[in-house]
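Residue numbers (our numbering), protein chains in the order written: chain A, 1041 to 1474; chain B, 173 to 718. Where a beta carbon is used, it is the ideal one built from N, C-alpha and C, also for glycine. Below is one structure, written out as structure tokens, with a few remarks after it.
Here's what the structure looks like:
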């Protein structure tokens, strides 16, 4: 097989992991403090930039042919039906009626390609904009945004709840990678339940006694050990303090969709995904920088049409209500929406009526945040033979576009102490969207 | 997907089994039954000589650096380190009591290892750790990849202490189906499922092979020659990959197909061309006969291929210390220079016939492993320099399953599920799985040292796993039991410290907590006891290896 293009380094020079780890350890990551942060801060002041990103992740590989790029008159449809959208001549797969009616509110990218055909690798690629590189974990887009943009405030008050959140996380929730575990997404499994682990089991007085006891233990642990252990390595006690301010924060109500008015809840659909979309709006409103909502179950190697239809029936009300809700609250221009998946599915059906993995031309949606909308970018071959769609968009280009729109210099390179750089994204912004 | 009602049923079932177990344990424990001590191990002469060689190397390096070494670690602490590294949980109170009964003549470290090597938790847990390097943590290809089978197979090999070179040869040259020949999952894990039968991805296999078995990050030169040294060329990587070209997926599983070739286009060349297999160094060790994968397997595991032994030594060291000798664990320079100890251990491992347990025994007996992580003098604390030279035991974060395993273990006196690793038993109940996920698993980068995070703290302060195990339930929780049944407050405090931190309390700690337990009302006493457990679980030292 031809594997010349299967490199882990995105065609650009990568840095030696050994050097990278050594220098980042030596510098305590202090060198990551970027100039772009100041630039972004400046941009935010001007009020023209979006503040948040919502990623709707279709885990497993949504079929472009049954979602946003149907070819109903071609053999490759294998009988799948298509419906009209708000855009003349543009079709979606059946089951996406509500989203189709809002096609003016986003752009449809039909020519996304990557080099990854394995779930884990492709999801990594999709979420970080880099291909997996053993030993070095790249940060997900939400981690980069949180690292680059200033800590958000709401009405002049710091946001105490996590500002990078993954709702109904699949197997591969967004991670902070080399930015550190503190940039990992905070995971929330189903917003119908209270936020996990923020309620103490004990009353105030007893909690205070517990903290006193903890201090006794910490004192004896520190005795004789490396002086900077807490400050530079464990961050144990400081995390406890920050966890406590989150526990007592009123902003926690943003997670609570259960007690929202019925009318507000209903449109999203009575599913975990629907509730996730609902919570995403409230969280963004509370100042959260990035929310990832995962809809699992798109990996239809068997009975593709049936499996995709089931997922679409969950996706459609949740996604349409998400966009509608953001617009109603006047948040749509402040929030970029990305509806993505790790790869598409093969034009031909396999023997079990399933479609396999296809990274050679699949579909995603991008909207909000002042991005251009109501257009189709790219085109795939209706015969399904070509692996080379027109107006090709690489996965990393999506990252570059989002960063660019947020006012973050996507080419900004973290400089190691030995001068080896790594860019926030090595994709190219998609000009049709900006 | 397990339905909700089924999950509730399983949970109830699990709870029932646990309750019965706890009642039996209670009856047994408080029945004053004599506990059999662990069998005392005499350190073999050959091990003693090896340890001496190793320690000479470290001691002369400390002398050269003008560093004092930290004091010896207490025997309890050494036992805790070993249990965490080799079973994924702290030792149970019962195990500690047996450990304490060891006669003075025996070597406590080696006796403890005897005990652990006989316990299935050892092979199950270490198999899982190996699997991370061999096949990763992801779900892998649909149907044809069964990670669980691979782990079970590894576990069986570790249980009988199969020579490590044999084990690796089986993995690399494996043939057959992923169910009846589970070691083939190493190959099937690399299959690309995109509709065309392209077979396993040679690139993925070559990357895993060079990292896991040679300790070399040869995949760094996949796209271009080495920019940080002249050692590796792009060809080195692809020639290694070519050894996997003939692995084919057939109806009868993985087979060699001699007509298959590997093609790639080197940098600057447009058209791909056929690449012939060639090992990247020590060509004289490669046999001429046999299938490509057999040749590769023989070459890698040859007694004279020191890279293989070094890679294994470095991984074993990392397993025991939480930090490798050469960091990152899979990026050891082929021609050195090597840190103190690596060469001696490499010689020893080869000489022992790639005996993995012997290697663990040796590292555990070494001066660095036997050091404390702190000094006895608070005014002269351990320094970063001492730690870097292994003159003090490094303080490293525990892995999420080690933290979960320790919480669950600490609520019971007896070693839980000694016939299976705790994680296996509890995984199906969801709670451990959930805990590990929320705590944050580093996946394949398992030796990446991270600071504590807010979700971790929330999980330990308020999480269900901790809440339920420190709650006021006399049947389930040793926290309540200790409070009720211990003859004195001080004894209760000591038992709690041993169960959670595997150490005795200091005088100050003992006074503080004993005072807090002095309650007449049994309910208030149970609450105070739960508070004690909570504080211990939420301390830095519970979540860190030290």
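{"Query": "Let me check one thing: in DSSP terms, what residues is residue 1381 of chain A bridge-paired to?", "Result": "A:1098"}
{"Query": "Rounded to the nearest angstrom, what separates residue 1475 of chain A and residue 1342 of chain A at their Cα positions?", "Result": "No answer is possible for residue 1475 of chain A: the residues shown for chain A start at 1041 and end at 1474."}
{"Query": "Under 8 Å, Cβ to Cβ, is there at least one residue of chain B near residue 1340 of chain A?", "Result": "no"}
{"Query": "Excluding the five sequence neighbours on either side, which residues of its own chain have a C-beta within less than 7 Å of the C-beta of residue 707 of chain B, listed in chain order?", "Result": "none"}
{"Query": "Can you tell me the Cβ-Cβ gap for residue 1265 of chain A and residue 567 of chain B, rounded? I've got them flagged as a contact below 8 Å.", "Result": "7 Å"}
{"Query": "Of all the residues that make up the stretch 601–627 of chain B, which are near chain A by a beta-carbon distance shorter than 9 Å?", "Result": "606, 609, 610, 612, 614, 615, 616, 617, 620, 621, 622, 623, 624, 625, 626, 627"}
{"Query": "Is it the case that the CB of residue 1164 of chain A approaches a heavy atom of the ligand PLP more closely than 7 Å?", "Result": "By its list of ligands, the structure shown contains no ligand whatsoever, and the ligand PLP lies outside what it can speak to."}
{"Query": "Can the beta-carbon of residue 451 of chain B be found less than 8 Å from the beta-carbon of residue 458 of chain B?", "Result": "yes"}
{"Query": "Which same chain residues, not among the five before or five after residue 1099 of chain A, have their C-beta less than 6 Å away from its C-beta?", "Result": "1210, 1334, 1336"}
{"Query": "Measuring alpha carbon to alpha carbon, tell me which of B:360, B:641, B:701, B:406 ends up nearest residue 660 of chain B.", "Result": "B:701"}
{"Query": "Give me the DSSP bridge partner(s) of residue 348 of chain B.", "Result": "B:426"}
{"Query": "Exposed or buried, which one is residue 1198 of chain A when buried takes at least 16 other CB atoms within 10 Å?", "Result": "exposed"}
{"Query": "Assess, as a yes-or-no matter, whether the stretch 1280–1291 of chain A is touched by the stretch 1300–1311 of chain A under the definition of 3 or more beta carbon pairs within less than 8 Å.", "Result": "no"}
{"Query": "Buried or exposed: residue 629 of chain B, going by 16 or more other Cβ atoms within 10 Å of its Cβ?", "Result": "buried"}
{"Query": "So is residue 1332 of chain A buried or exposed if we call it buried at 16+ other beta carbons inside 10 Å?", "Result": "buried"}
{"Query": "Hey, does residue 561 of chain B have any beta-carbon neighbour from chain A nearer than 8 Å?", "Result": "no"}
{"Query": "Which stretch, first to last residue, makes up the alpha helix (DSSP H) that contains residue 1330 of chain A?", "Result": "From DSSP, residue 1330 of chain A is part of no alpha helix (DSSP H) but of the beta strand (DSSP E) over 1330–1335."}
{"Query": "Identify every residue that forms a DSSP beta bridge with residue 336 of chain B.", "Result": "Bridge partners of residue 336 of chain B: none, in fact."}
{"Query": "Going by DSSP, what residues sit across from residue 322 of chain B in a beta bridge?", "Result": "Answer is none; residue 322 of chain B lacks a bridge partner."}
{"Query": "Report the neighbours of residue 629 of chain B on chain A: residues whose CB is nearer than 7 Å to its CB, in chain order.", "Result": "1279, 1280, 1283"}
{"Query": "Along chain A, which residues have their Cβ under 9 Å away from the Cβ of residue 240 of chain B?", "Result": "Result: empty, since nearest Cβ-Cβ is about 13 Å, beyond 9 Å."}
{"Query": "State the DSSP-derived secondary structure class of residue 626 of chain B, mapped to helix, strand or coil.", "Result": "helix"}
{"Query": "What residues from chain A crowd round residue 710 of chain B, counting only those whose CB sits closer than 7 Å?", "Result": "1254"}
{"Query": "Using a 10 Å radius around the Cβ and a threshold of 16 neighbouring Cβ atoms, would you call residue 1352 of chain A buried or exposed?", "Result": "buried"}
{"Query": "Quick one: give me the first and last residue of the beta strand (DSSP E) that residue 510 of chain B is part of.", "Result": "It is not in any beta strand (DSSP E) - residue 510 of chain B carries neither H nor E in the DSSP assignment."}
{"Query": "Report the rounded CA-to-CA distance for residue 1145 of chain A versus residue 1316 of chain A, giving the unit in angstroms.", "Result": "20 Å"}
{"Query": "Mind pulling the chain A residues with CB within less than 8 Å of residue 420 of chain B?", "Result": "Here the premise fails: no neighbours, minimum Cβ distance about 12 Å."}
{"Query": "Just curious, the beta strand (DSSP E) that residue 1246 of chain A is in, first and last residue?", "Result": "It is not in any beta strand (DSSP E) - residue 1246 of chain A instead sits in the alpha helix (DSSP H) that spans 1244–1262."}
{"Query": "Please state whether DSSP places residue 1435 of chain A in a helix, a strand or coil.", "Result": "helix"}
{"Query": "Go through its chain and collect everything with a Cβ distance to residue 570 of chain B's Cβ below 7 Å, but skip five positions before and after it.", "Result": "256, 715, 716, 717"}
{"Query": "Step through the CB atoms of chain A and report whether any lies within less than 8 Å of the CB of residue 706 of chain B.", "Result": "yes"}
{"Query": "Go through its chain and collect everything with a Cβ distance to residue 559 of chain B's Cβ below 7 Å, but skip five positions before and after it.", "Result": "566"}
{"Query": "Is the shortest distance between the beta-carbon of residue 1286 of chain A and the beta-carbons of chain B less than 8 Å?", "Result": "yes"}
{"Query": "When the Cα atoms are used, what is the spatial distance from residue 1171 of chain A to residue 1429 of chain A?", "Result": "21 Å"}
{"Query": "Taking contact to mean 3 or more Cβ pairs, one atom from each stretch, closer than 8 Å, check whether the stretch 530–550 of chain B and the stretch 666–680 of chain B are in contact.", "Result": "no"}
{"Query": "In whole angstroms, what separates the C-alpha of residue 348 of chain B from that of residue 324 of chain B?", "Result": "17 Å"}
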